[in-house]
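Trainee: Dropping a structure here in C-alpha coordinates format, bear with me for questions.
Residue numbers (our numbering): 3 to 96.
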(Lines of atoms letter the chains of each structure in order from A and count residues from 1; the text may use other names and numbers.)
(Lines give C-alpha, C1' and ligand atoms only; values in the text may rest on other atoms or scores of the structure.)
Protein backbone atom coordinates (compact mmCIF):
# COMPACT_ATOMS: atom_id res chain seq x y z
CA UNK A 1 0.00 0.00 0.00
CA UNK A 2 1.20 3.51 -0.83
CA UNK A 3 1.92 5.80 2.11
CA UNK A 4 0.74 9.40 2.25
CA UNK A 5 3.38 11.85 1.07
CA UNK A 6 3.65 15.63 1.07
CA UNK A 7 5.86 17.56 -1.34
CA UNK A 8 6.21 21.35 -1.34
CA UNK A 9 7.90 23.55 -3.94
CA UNK A 10 8.75 27.24 -3.79
CA UNK A 11 8.30 29.24 -6.98
CA UNK A 12 11.33 31.24 -8.09
CA UNK A 13 10.88 33.27 -11.28
CA UNK A 14 9.64 30.70 -13.85
CA UNK A 15 10.47 27.45 -12.04
CA UNK A 16 9.59 25.43 -8.98
CA UNK A 17 12.21 24.30 -6.47
CA UNK A 18 11.52 21.31 -4.21
CA UNK A 19 11.72 22.21 -0.52
CA UNK A 20 13.35 19.61 1.77
CA UNK A 21 10.89 17.89 4.13
CA UNK A 22 12.58 19.55 7.12
CA UNK A 23 11.70 23.02 5.76
CA UNK A 24 8.15 22.35 4.49
CA UNK A 25 6.58 24.21 7.41
CA UNK A 26 8.49 27.44 6.68
CA UNK A 27 6.38 29.61 4.40
CA UNK A 28 7.42 33.23 3.91
CA UNK A 29 5.11 36.20 3.25
CA UNK A 30 6.98 37.09 0.04
CA UNK A 31 6.85 33.57 -1.37
CA UNK A 32 4.61 31.46 -3.57
CA UNK A 33 4.36 27.73 -2.98
CA UNK A 34 2.87 24.67 -4.65
CA UNK A 35 2.03 21.57 -2.64
CA UNK A 36 1.14 18.02 -3.62
CA UNK A 37 -0.28 15.59 -1.10
CA UNK A 38 -0.57 12.02 -2.34
CA UNK A 39 -2.42 9.33 -0.43
CA UNK A 40 -3.88 5.87 -1.02
CA UNK A 41 -7.38 5.87 -2.50
CA UNK A 42 -9.78 2.98 -2.94
CA UNK A 43 -8.49 1.88 -6.34
CA UNK A 44 -5.42 4.03 -6.91
CA UNK A 45 -3.27 6.77 -5.47
CA UNK A 46 -5.13 10.08 -5.03
CA UNK A 47 -3.68 13.60 -5.11
CA UNK A 48 -4.41 17.00 -3.65
CA UNK A 49 -2.54 19.82 -5.38
CA UNK A 50 -2.72 23.45 -4.37
CA UNK A 51 -0.95 26.76 -4.03
CA UNK A 52 -0.24 29.17 -1.21
CA UNK A 53 0.59 32.80 -1.89
CA UNK A 54 2.28 34.96 0.71
CA UNK A 55 0.71 38.34 1.39
CA UNK A 56 3.78 40.09 -0.09
CA UNK A 57 4.25 37.75 -3.07
CA UNK A 58 4.59 39.22 -6.56
CA UNK A 59 2.08 38.81 -9.38
CA UNK A 60 4.56 37.16 -11.76
CA UNK A 61 5.31 34.32 -9.32
CA UNK A 62 1.61 33.85 -8.46
CA UNK A 63 0.87 33.48 -12.18
CA UNK A 64 3.77 31.04 -12.57
CA UNK A 65 2.57 29.00 -9.58
CA UNK A 66 -0.93 28.66 -11.04
CA UNK A 67 0.47 27.62 -14.42
CA UNK A 68 2.83 25.05 -12.89
CA UNK A 69 0.04 23.69 -10.68
CA UNK A 70 -2.11 23.16 -13.79
CA UNK A 71 0.71 21.34 -15.57
CA UNK A 72 1.18 19.07 -12.55
CA UNK A 73 -2.54 18.22 -12.50
CA UNK A 74 -2.46 17.56 -16.25
CA UNK A 75 0.53 15.24 -15.93
CA UNK A 76 -1.28 13.21 -13.28
CA UNK A 77 -4.26 12.76 -15.63
CA UNK A 78 -7.00 13.90 -13.30
CA UNK A 79 -9.65 16.58 -13.34
CA UNK A 80 -8.93 19.37 -10.88
CA UNK A 81 -11.61 20.52 -8.48
CA UNK A 82 -11.51 24.05 -7.19
CA UNK A 83 -11.30 24.38 -3.45
CA UNK A 84 -11.37 27.31 -1.14
CA UNK A 85 -11.07 28.30 2.46
CA UNK A 86 -13.29 30.13 4.86
CA UNK A 87 -12.84 33.85 5.45
CA UNK A 88 -11.83 33.06 9.03
CA UNK A 89 -9.00 30.89 7.78
CA UNK A 90 -7.96 33.58 5.30
CA UNK A 91 -7.71 36.11 8.12
CA UNK A 92 -5.61 33.66 10.10
CA UNK A 93 -3.01 33.15 7.36
CA UNK A 94 -2.75 36.81 6.35
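Backbone N, C-alpha and C fix where the C-beta goes; we use that ideal spot for every residue, glycine too.
Note that this is a predicted model, so its numbers are computed, not measured.
Under DSSP, the beta strand (DSSP E) around residue 47 begins and ends at which residues?
Mentor: From DSSP, the beta strand (DSSP E) with residue 47 extends over 47–55.
Trainee: From the DSSP secondary-structure annotation, give me the bridge partner or partners of residue 42.
Mentor: DSSP lists 47 as partners of residue 42.
Trainee: Secondary structure at residue 78, three-state DSSP: helix, strand or coil?
Mentor: Coil.
Trainee: Assess contact between the stretch 54–69 and the stretch 6–17, defined as three or more Cβ pairs (one per stretch) separated by less than 8 Å. Is contact present?
Mentor: Judged by Cβ distances under 8 Å, the stretch 54–69 makes contact with the stretch 6–17, as three or more pairs qualify.
Trainee: Are there 16 or more other CB atoms within 10 angstroms of the CB of residue 41, so buried, or fewer, so exposed?
Mentor: Per the 10 Å Cβ criterion, exposed.
Trainee: For residue 59, which of helix, strand or coil comes out of DSSP?
Mentor: Reduced to three states, the DSSP call for residue 59 is coil.
Trainee: Quick check on DSSP: helix, strand or coil for residue 27?
Mentor: Residue 27: coil per DSSP, three-state reduction.
Trainee: In chain order, what residues of the same chain have a beta carbon less than 6 Å from the beta carbon of residue 31, not counting five sequence neighbours either side?
Mentor: Result list for residue 31: 56, 57, 58, in chain order.
Trainee: How big is the Cα-Cα spacing for residue 7 and residue 48?
Mentor: For residue 7 and residue 48, the distance between alpha carbons rounds to 11 Å.
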